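Chemist: Provided herewith is a single structure, encoded as structure tokens, for subsequent inquiry.
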Amino acid sequence: MIDPTSIPMYKPEEIERKWQARWAADGLYQPDRDPDKTKHYALTMLPYPSGDLHIGHWYAMTPPDARARFKRMQGYNVFFPIGFDAFGLPAENAAIKHKIHPREWTYANIDHMRGQLKSMGNSFDWRAEIISADPKYYRWTQWFFTQFYKNNLAYQKFSPVDFCPSCNTTLAREQVHGEDRHCERCGTPVIRKDLKQWFFRTSKYAEELLNFDGLDWPEMIKTLQRKWIGKSRGASVIFKTEAGDPIEVFTTRPDTLWGVTYMALSPEHPLVEKITTSAQADQVRAYQEQAKRQSDIQRESVTREKTGVFTGGYAINPVSGEHIPIWVADYVLMSYGTGAIMAVPAHDQRDFEFARQFDLPIKVVIHPNRKDMVFPEEMTEAVEAHGSMVNSGPLTGTPEEESFDAASRYIEAIGVGKSTTNYRLHDWLISRQRYWGAPIPIVYCPHCGAVPVPDYQLPVLLPDDVEWLPTGESPLKLHPTWRYTTCPMCGEPAERETDTMDTFMDSSWYHLRYLSPDYDQGPFDPVQYSFWMPVDTYTGGSEHATMHLIYTRFFHKAARDCGITKGDEPMLQLRNQGMVLGEDGEKMSKSRGNVIDPDDLVVRYGADTVRAYIIFFSRWEIGGPWSSTGIEGNSRWLRRVWHMLLEPAYGTPDQEILRALRRKTHQTLRRVTYDFENFEFNTIVSSLMELLNEMGRAKNAGAFGSAEWNETVDLYLRMLAPVCPHIAEELWERLEKPYSIHYQQWPEVDEEAARDEMITLIVQVNGKLRDRIIVEPGVSDEEAERLALASENVMQALEGRPIRKVIVVPGRLVNVVG
RNA sequence: GCCGAAGUGGCGGAAUAGGCAGACGCGCACGACUCAAAAUCGUGUACCCUCGGGUAUGUGGGUUCGAUUCCCACCUUCGGCACCA
């Protein structure tokens, strides 16, 4: 008899350190690029090196790691890389605040975080690590820019852009959030500036970006992207002023064209000045000034009441010939459509409110079906429903179903407009007036214009000696020498572009650089590209739905059209994790003091326990509050596993116990396999806990050491390995099984063993549980019915009522209706 | 305002195709071990109750033999959008 005290203690800190070193030395997680194996590219969104890994990183990365390990055991050739999204504002803000160079700050953070990442025991292939702030990386970010420029997918434009006065830089439309239009990074409301900036032609891909065929992405993300792209079918119509100037408008309701009673231009519209009569000039100019300031002011004080001023000018309705007043109103946005609208108060709520505000006429031209005719003076709101056309000249009487097409055809026929589709999606503004980013590789030559830096001159290196003053100008512009260069075309003195690129540029193609991080003939090795792309599984937060996830799709398509990439989509399957909240159920933040530090947890419990709890405590896509007592349960579980497997016990089990153990083992395997496949991580740990409980019962009944016990132990460790890789490897070795468990075959379910020998049929009377009967799985419906009706409880519950009907669900229940 | 997700014991959560609601864990209670405590192990743990049963998955309806699951309306929480013509 072995003395139980001779069983070693479970010491996670020792075994975790030991195995992490061994795995790294053996290059265990480097894919072998064996062409006979099916490849699996598992990608997790790369972290920003903010300084410390937090529990959210664990939550984002551990379940996908477990799944990558599961795939590896299934025989896939798995590539699971990691890197750092290393350019960005925090580094520069730290430089301003603490007088430390952004590069120094960033790389120190990376060194620290690399160690933290390794402590998780993830199966990252560290050979593939990329750092987007590395010249050998951003050389190719810049190269992509020049390729896009040469293919007319990048262009420069002078336009009103969103500018964050606190971050001192322009922002892309996607980076401006909320009703008060604040900066997504610092929360400061943005202001409008007129600047010459670089854009990518994202809007050219609007239609293609709406196509998600073949993509296994969450519906929510697809919906958010569709809404963001904002496709509307309609018509563009040219109105003319009395002076003959054309004003183009976009409308989704060409069928209401006869109901136009005024036009409205955005305050920024270029035609405003020309149209305004001298009598109205002062008022209009004042209104424009006020509108311009409006974006400077916090919007809280702004009422929803419609405002505007009459220009004094008139336009002519191209279908009716009516003369209608032209107004300026800030509810018309310069950034959507043409910045001018035809207003139909009767059938558009906004126009209705405006018309009521300024006593403009309301003309009903749509008669909604199944409703009484409405009269303008009785209306309390616009009638936006479709219907048959009335008071509409030659189209009067057109029924609802034909009105849109008939009106579209009509305006085309008389040559005043055409059917068009409009998108909300803007071109991507990529210029940033900041230092810590990849310089835009453009040289301005007085003779040759904007010249892209040729490939052999890339990268355009960021200089180190720069002053980081938050002036609103690019720090590179203030550098004494850097901007002065010679034109790559003519060799004459020229100047560099001093803006840097949006960091979303860097993260739009990092998944390609992972494939061959040292390749210097291009952004990636085409051989590796055709082996690994596209990404099979992409995981990360859903907050990137309308930013990174649109950019990277656009980037892939743009690169495809430049002949660089193949295929239409970069990532086939997308899954989003939820968020870990503090113990108080609130978002974790330093100010709330509810932040959970993963390093402390690793010291206290070991990485395997933290991994197990992370996976166990909530549905991964939902997230939820952390519990510092909850994690104790997972710590206990692993200690129980340790003792269950190592501590011997003696006895003579009966056959039924052993059969039950095998049954539970293979049923667990079936469930765990299903759950890994479907990202249902929490029930994997539950199932393994249940199986351990069953093992405890079997062990007490003397099953230890039997063939069935040994099989269960073997399968248990294989199933545990993806979740808790260290303890699984350690126990695997202690049981003298071949290194490494992480390359063992994922087991097959023995369906015969997993089959229930007897099942419990539920017996209901009128849907209420009255009895349970134990039967063989293949029992016939007739037999099940006979057994159910023989039940005393059933007779009692029927209280003498006749049986009207008996429903038998094979293998489940019998419901007696009486 | 519009769009989306969610709402289940004291808590986190489970229920894979409409069929035993509450798996698994936390917490709690009791017991064993201990001088004692911790740790560990075992048992119990939705609510009400006249101990036969009754009531329960945000609220109210509906479909069904049967609804946490499907449909309609509403409430609450969270996330997204913000006059998009």
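The first sequence lines up with residues 34 to 851 when you count with the numbering used here. Cβ atoms here follow ideal geometry from the backbone N, Cα and C, with glycine treated the same way. Computed from a prediction, not measured in an experiment: that's the story for all the values here.
(1) Excluding the five sequence neighbours on either side, which residues of its own chain have a C-beta within less than 7 Å of the C-beta of residue 666, listed in chain order?
(2) Mind the definition here: the segment 165-183 touches the segment 530-546 only if three or more C-beta pairs lie below 8 Å; say whether that holds.
(3) Is the separation between the beta-carbon of residue 679 and that of residue 767 shorter than 8 Å?
(4) Which residues in the same chain have their Cβ closer than 7 Å to the Cβ of residue 139, if we skip the five residues on either side of it in sequence?
(5) Are the Cβ atoms of residue 285 and residue 265 separated by less than 8 Å?
(6) Classify residue 536: buried if its beta carbon has 16 or more other beta carbons within 10 angstroms, exposed otherwise.
(7) Need the endpoints of the beta strand (DSSP E) that residue 720 sits in, please.
(8) In this structure, how does DSSP classify residue 490 when only helix, strand and coil are distinguished?
(9) Might you give, ordered along the chain, the residues of its own chain that have their beta carbon closer than 7 Å to the beta carbon of residue 36, omitting 5 neighbours on each side?
(10) Taking just the CA atoms, how far does residue 460 sit from residue 489?
(11) For residue 753, count the other beta carbons within 10 Å of its own beta carbon; 16 or more makes it buried, fewer makes it exposed. Which is it?
(12) Give the C-beta separation of residue 474 and residue 178 to the nearest angstrom, bearing in mind that I take them to be a contact with Cβ-Cβ under 8 Å.
(13) Alpha carbon to alpha carbon, what distance is there between residue 160 and residue 68?
(14) Looking at the strands, I want to know which residues DSSP matches up with residue 838.
(15) If we ignore side chains and look at the alpha-carbon of each, how far apart do residue 642 and residue 61 end up?
(16) Could you pull out every residue in the same chain whose Cβ sits closer than 7 Å to the Cβ of residue 324, ignoring the five residues on either side in sequence?
(17) How many angstroms separate the CA atom of residue 415 from the CA atom of residue 243?
(18) Three or more beta-carbon pairs under 8 Å between the segment 417-424 and the segment 389-400, yes or no?
(19) By the 10 Å Cβ neighbour count, where 16 or more other Cβ atoms means buried, how is residue 704 classified, buried or exposed?
(20) Can you pull the DSSP bridge partners for residue 249?
(21) What does residue 464 pair with, by DSSP beta-bridge criteria?
(22) Find the nearest neighbour of residue 790 within the set 811, 800 and 771, judged by alpha-carbon distance.
(23) Is there contact here, the segment 520-535 with the segment 451-469, by at least three beta-carbon pairs under 8 Å?
(24) Mind pulling the beta strand (DSSP E) runs of 3 or more residues that sit fully within the segment 591-655?
(25) Can you pull the DSSP bridge partners for residue 476?
(26) For the beta strand (DSSP E) holding residue 803, just list the boundary residues, first then last.
(27) Please identify the residue among 72, 578 and 206 whose C-alpha is closest to the C-alpha of residue 252.
(28) For the alpha helix (DSSP H) that residue 555 lies in, which residues bound it at each end?
(29) Going by DSSP, what residue range makes up the beta strand (DSSP E) through residue 347?
(30) CB-CB under 7 Å to residue 458, same chain, minus the five flanking residues each way: which ones, in chain order?
(31) Output yes or no for whether 8 Å exceeds the beta carbon distance between residue 759 and residue 52.
(32) I'd like to know if the segment 610-619 and the segment 639-656 are in contact, where contact means that at least 3 CB-CB pairs between them fall below 8 Å.
(33) Is the beta carbon of residue 371 less than 8 Å from the beta carbon of residue 359?
(34) Could you check what DSSP says for residue 160 in three-state terms: helix, strand or coil?
(35) Starting from residue 232, follow the beta strand (DSSP E) in both directions and report where the run begins and ends.
(36) Could you compute how far the alpha carbon of residue 128 sits from the alpha carbon of residue 462?
Modeler: With the structure as the only source:
(1) none
(2) yes
(3) yes
(4) 82, 119, 124 and 166
(5) yes
(6) buried
(7) Looking at the DSSP string, residue 720 is not in any beta strand (DSSP E); the run it does join, the alpha helix (DSSP H), is 715-733.
(8) helix
(9) Here residue 36 scores only 47 on pLDDT, less than 50, and its place in the model should not be relied on; the value that follows carries that caveat. Excluding sequence neighbours, residue 36 sits near nothing in its chain.
(10) 29 Å
(11) buried
(12) 6 Å
(13) 20 Å
(14) 850
(15) 22 Å
(16) 300 and 363
(17) 31 Å
(18) yes
(19) buried
(20) 606
(21) 534
(22) 811
(23) yes
(24) 604-610 and 612-614
(25) 484 and 529
(26) 801-808
(27) 578
(28) Unbroken run through residue 555: none, as it is neither H nor E.
(29) 341-349
(30) 235, 236, 239, 261, 262 and 263
(31) yes
(32) yes
(33) no
(34) helix
(35) 224-233
(36) 25 Å
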